[in-house]
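Working notes for the structure below.
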């Protein structure tokens, strides 16, 4: 990606509905150039799609938690399969260091979150878990 590609992705990250004409004006390049760049970014997989980013009003009432998991050796594949079947698990990342998996979990109530956390902690192969409940979001630049 060059400077123009980075600028296009940056503007789209802020507003995925921005038009090609507006991108062209803001970046001071021809619309055909923007269109060609977008097609290339999509084809190469840099842009995987255009989506809606929910605001606080839509997320109100949802509890989110980060769950840190340490797992037994050679049990990660089975644990991943079971985690993927839990609808409240939104994201799973592998990590370096003492923690093996980092999960993002969302639930509609503390009772539901408690059930999900128990379900995760009781999985065969989970050595230990630690839950961090999100209180507020101070910055979100996720693309």
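In UniProt numbering, the protein residues as written are 1 to 143. Cβ atoms here follow ideal geometry from the backbone N, Cα and C, with glycine treated the same way.
Local conformation of residue 135 per DSSP, three classes
Reduced to three states, the DSSP call for residue 135 is coil.
To the nearest angstrom, report how far apart residue 112 and residue 5 are at their CA atoms.
Straight across, the Cα-Cα distance linking residue 112 with residue 5 is about 42 Å.
If you measure between the beta carbons of residue 64 and residue 104, is that distance less than 8 Å?
Their beta carbons are under 8 Å apart, which means residue 64 touches residue 104 by this criterion.
Have a look at residue 124 and residue 135 and give me their C-alpha separation to the nearest angstrom.
Residue 124 and residue 135: Cα-Cα distance of roughly 30 Å.
Outcome for residue 133 when other beta-carbon atoms lying within 10 angstroms are tallied against a minimum of 16:
When all chains shown are included, residue 133 counts as exposed.
Can you name the start and end residues of the beta strand (DSSP E) that residue 107 belongs to?
Per DSSP, the continuous beta strand (DSSP E) segment holding residue 107 begins and ends at 101-107.
Return the chain-ordered ranges of every beta strand (DSSP E) run that is complete within the region 43-101 and spans a minimum of 3 residues.
Within the region 43-101, complete beta strand (DSSP E) segments of at least 3 residues are found at 63-71 and 89-94, given in chain order.
Beta-carbon separation of residue 116 and residue 86 under 8 Å?
Yes, the pair counts as a contact, with Cβ atoms nearer than the cut-off.
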